[in-house]
Amino acid sequence: RIAQRQLLPELKILAPIRPGARVGFEAVNLSVKVLGTLKKLLPEVKLVPTEALVESVSIRKDKEEIRKLRRAARITDLAFEHALKFIKPGVRELDIASEIDYFMKKNGLKIPALESVPPFQSHAVMPSFETIVASGVRSAMPHGVASTKKIKKGEFVTMDFGGQYQGYSSDITRTVVVGKATSKQKKIYNLVLEAQLLALSEAKAGMKAKDLDKVASDVISRAGYGKNFGHGLGHGLGLLVHDSPAVSPSSEATLLPGMVITIEPGIYLQGWGGVRIEDDIVITEGGCQLLTRADKELVEL
Numbered sequence: 002r003i004a005q006r007q008l009l010p011e012l013k014i015l016a017p018i019r020p021g022a023r024v025g026f027e028a029v030n031l032s033v034k035v036l037g038t039l040k041k042l043l044p045e046v047k048l049v050p051t052e053a054l055v056e057s058v059s060i061r062k063d064k065e066e067i068r069k070l071r072r073a074a075r076i077t078d079l080a081f082e083h084a085l086k087f088i089k090p091g092v093r094e095l096d097i098a099s100e101i102d103y104f105m106k107k108n109g110l111k112i113p114a115l116e117s118v119p120p121f122q123s124h125a126v127m128p129s130f131e132t133i134v135a136s137g138v139r140s141a142m143p144h145g146v147a148s149t150k151k152i153k154k155g156e157f158v159t160m161d162f163g164g165q166y167q168g169y170s171s172d173i174t175r176t177v178v179v180g181k182a183t184s185k186q187k188k189i190y191n192l193v194l195e196a197q198l199l200a201l202s203e204a205k206a207g208m209k210a211k212d213l214d215k216v217a218s219d220v221i222s223r224a225g226y227g228k229n230f231g232h233g234l235g236h237g238l239g240l241l242v243h244d245s246p247a248v249s250p251s252s253e254a255t256l257l258p259g260m261v262i263t264i265e266p267g268i269y270l271q272g273w274g275g276v277r278i279e280d281d282i283v284i285t286e287g288g289c290q291l292l293t294r295a296d297k298e299l300v301e302l
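Numbering-wise, the sequence shown is residues 2 to 302 according to the working numbering.
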């Protein structure tokens with residue numbers, strides 16, 4: 002019943018379709034129960050299973066979608082600046098994550114937009130996934146969700162989070178250090194930053210996603226930390242936080258204008274800590290445009 006009620010508004014669009022018409026549905030995303038509901042509501046329509054048809058259209062964003070993604074990115078930029086005020090020895094990772102989430106929920110719609118959005122059309126800003134805050138040795142965990150661990154002086158703190166605005170998500174990662182950075186911390190951080198900046202400078206339409214991944218991974222591998230990267234360079238972004246295309250060594254996808262992807266190299270040293278730096282970009286004919294713009298020089302708090 003719930004599924005049927007949720008579908009009814011959308012099904013009104015199908016009402017004028019002539020009997021015998023073919024209507025596609027994404028088989029991987031539709032349950033047997035909902036399919037049965039569709040058949041009952043549209044008895045004279047031929048339902049045809051499709052695969053990745055929606056993705057092939059949604060993988061390239063139009064101007065309106067990019068506008069929303071820019072707004073989501075702006076919110077996360079400011080949430081990062083807000084979080085820096087609270088990072089200090091003795092504060093729990095969970096407390097930092099809560100500040101980030103609260104800031105986005107409370108202030109997301111108050112942030113000056115790049116466009117005019119009437120208040121009645123505004124949507125609440127929500128975290129687009131569970132906020133990651135990992136400090137010390139836990140920063141070597143690529144997906145170390147916030148814990149009760151208290152932050153200590155001298156530790157890296159990695160924050161990976163995103164905001165969702167009108168259905169579209171941002172995804173940003175920044176790593177900071179509490180106190181003065183050691184020479185090793187500076188070395189690892191600057192190496193990751195070098196890999197990311199080079200990838201950003203090389204990203205453009207027509208490039209294979211796996212070749213862009215190689216640009217960053219080669220920088221890290223030449224420095225002797227290839228085995229400490231451990232994941233792809235990035236992923237698509239839009240209505241889903243992890244969307245197509247994958248930017249990884251095995252990806253055969255070709256980057257096209259309008260694709261929105263993340264660029265997030267990292268180095269993770271078990272028992273010591275790790276660094277990841279992530280930005281969201283729009284692929285263009287001659288390069289790319291940054292969506293997230295928070296400072297990424299090493300911050301010493």
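Glycine included, C-beta positions come from ideal geometry on N, C-alpha and C.
| Query | Result |
| --- | --- |
| Contact check, LEU256 vs ILE284, beta carbons under 8 angstroms | yes |
| Own chain residues within Cβ distance below 8 angstroms of ILE26, not counting five before or after | Per the sequence shown, residue 26 should be read as Phe rather than Ile. The residues are LEU36, LEU39, LEU48, VAL49, PRO50 and THR51. |
| Helix, strand or coil at THR174 [DSSP, three-state] | strand |
| Integer Cβ distance of SER170 from ALA73, believed to fall under 8 angstroms | 6 angstroms |
| Residue(s) in a DSSP beta bridge with THR51 | GLU27 |
| Start-to-end residues for the alpha helix (DSSP H) that takes in GLN290 | Premise fails: GLN290 lies in the beta strand (DSSP E), 289 to 291, not in any alpha helix (DSSP H). |
| Counted within 10 angstroms of its Cβ, other Cβ atoms place THR159 as buried (16 or more) or exposed | buried |
| Through-space distance from ARG19 to ILE76, alpha-carbon basis | 45 angstroms |
| Residue span of the beta strand (DSSP E) that contains ASP280, given as start and end | 280 to 284 |
| First and last residue of the uninterrupted alpha helix (DSSP H) at ILE88 | Here ILE88 belongs to no alpha helix (DSSP H), and DSSP marks it neither H nor E. |
| Cα-Cα separation between SER136 and VAL24, rounded to whole angstroms | 50 angstroms |
| Separation of LYS215 from SER202, as counted between CA atoms | 13 angstroms |
| Chain-order list of residues whose beta-carbon lies under 6 angstroms from that of GLU62 (same chain, five-residue window excluded) | One detail in the question is off: residue 62 reads as Lys in this sequence, not Glu. Excluding positions up to five away in sequence, the list reads GLY259 and VAL261. |
| Buried versus exposed call for ARG223 [16 or more other C-beta atoms within 10 Å across all chains shown] | exposed |
| Expected contact under 8 angstroms - CB spacing of GLY267 and VAL276 to nearest Å | 6 angstroms |
| Buried or exposed (CB count within 10 angstroms, at least 16 for buried), GLN290 | exposed |
| Three-way DSSP call (helix, strand, coil) for HIS83 in this model | helix |
| Residues near LEU115 by beta carbon distance below 8 angstroms, same chain, minus five either side | Only weak support exists for where LEU115 lies, its pLDDT of 41 falling under 50; the value from the coordinates is given anyway. Cβ within range, chain order: ARG68, ARG71, ARG72 and ARG75. |
| heavy atom of the ligand NAD below 7 angstroms from VAL248 C-beta | Questions concerning the ligand NAD fall outside what the structure shown contains, since it holds no ligand whatsoever. |
| First and last residue of the uninterrupted alpha helix (DSSP H) at GLN165 | Here GLN165 belongs to no alpha helix (DSSP H); instead the beta strand (DSSP E) covers 164 to 166. |
| Contiguous beta strand (DSSP E) assignments of at least 3 residues, all confined to the region 229 to 275 | 235 to 237, 244 to 248, 261 to 264 and 267 to 270 |
| CA-to-CA distance, ILE60 to PRO246, given in whole angstroms | 7 angstroms |
| Three-way DSSP call (helix, strand, coil) for LYS297 in this model | coil |
| Residue nearest to LEU199 in terms of C-alpha spacing, selected from SER218, SER184 and LYS181 | SER218 |
| Proximal residues to SER148 (C-beta, below 6 angstroms), its chain only, five neighbours per side dropped | GLU94 |
| Extent of the continuous beta strand (DSSP E) run through VAL46 | Looking at the DSSP string, VAL46 is not in any beta strand (DSSP E), and its letter there is neither H nor E. |
| Cβ pair GLN197, ILE278 closer than 8 angstroms | yes |
| Distance between GLU286 and LYS209 (C-alpha atoms, nearest Å) | 14 angstroms |
| C-alpha distance - GLN186 paired with VAL177, whole-angstrom precision | 10 angstroms |
| Nearest-angstrom beta carbon gap, LEU234 and ILE282 [assumed within contact, 8 angstroms] | With a Cβ gap of about 11 angstroms, ILE282 and LEU234 do not count as contacting. |
| Short Cβ contact (8 angstroms threshold) for ILE88 with ILE152 | yes |
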